[in-house]
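Per my numbering, the sequence shown starts with residue 154, numbered consecutively. Cβ atoms here follow ideal geometry from the backbone N, Cα and C, with glycine treated the same way. Computed from a predicted model, the values in this text were never measured in an experiment. For reference, the structure discussed in these notes is given below.
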Amino acid sequence: DPALLEQAAGNEFAARVFPIAPRGAVRLVLQYTRAVPRRAHRRELLVPLVGLPVVGNFTAFVSVHATVAGERFAVASHGADVDALNARLARAGVAVLDYAATAYRPEADLRAVLRFDAGDDAAAAAPGGG
């Protein structure tokens with residue numbers, strides 16, 4: 154089915170999907186990739202969700218790749234198990250924060266904060282480092 158995604162101002166987007174049969178369902182998948190820069194020994198990802206209307210079936214997958222040895226989650230929203238995420242990050246260098254809900258009304262933005270030690274940061278900046 155046809156769909157139109159328009160960028161309004163800054164990071165604001167509007168989507169139009171048509172045709173939709175009466176009482177029909179629509180599945181809208183929005184995917185983007187973003188490198189999150191390191192600042193003061195941390196990286197923070199924020200996906201704005203507050204203000205969205207109620208979403209029938211909502212699913213979010215955020216794939217996080219470690220950029221330096223020892224990088225770990227300090228905060229992960231939406232009930233994510235930080236210890237489990239850190240175990241996956243340490244073992245495989247990648248972890249997926251996933252969340253699913255039915256009749257979802259966003260009350261908080263999706264947020265992940267990763268931290269690393271100053272020594273790790275210096276090693277990553279050195280020639281041949283991370």
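- request: Thinking Y252 and A213 are a contact (beta carbons under 8 Å), I'd like their distance in whole angstroms, please.
  value: 5 Å
Those runs of the alpha helix (DSSP H) which lie wholly inside the region 214-241 and span at least 4 residues: none
Option nearest L202 by Cα separation, candidates R258, R268, A265 and L267: R258
query: Which whole-angstrom value is the C-beta distance of A265 and A219, which I expect to be below 8 Å?
result: With 8 Å as the limit, A265 and A219 do not qualify as a contact, their Cβ atoms being about 12 Å apart.
- prompt: For L263 versus V200, is the C-beta distance shorter than 8 Å?
  reply: yes
field: Straight-line gap, V215 to V182 (C-alpha atoms, nearest Å)
entry: 14 Å
query: Can you pull the DSSP bridge partners for L181?
result: Per DSSP, none; premise fails for L181.
message: I'd like the span of the beta strand (DSSP E) that includes R268, first residue to last.
response: L263 to R268
query: Which of helix, strand or coil does DSSP assign to A245?
result: helix
- prompt: What does a CB cutoff of less than 6 Å around R169 pick up in its chain, not counting 5 residues either side in sequence?
  reply: L157
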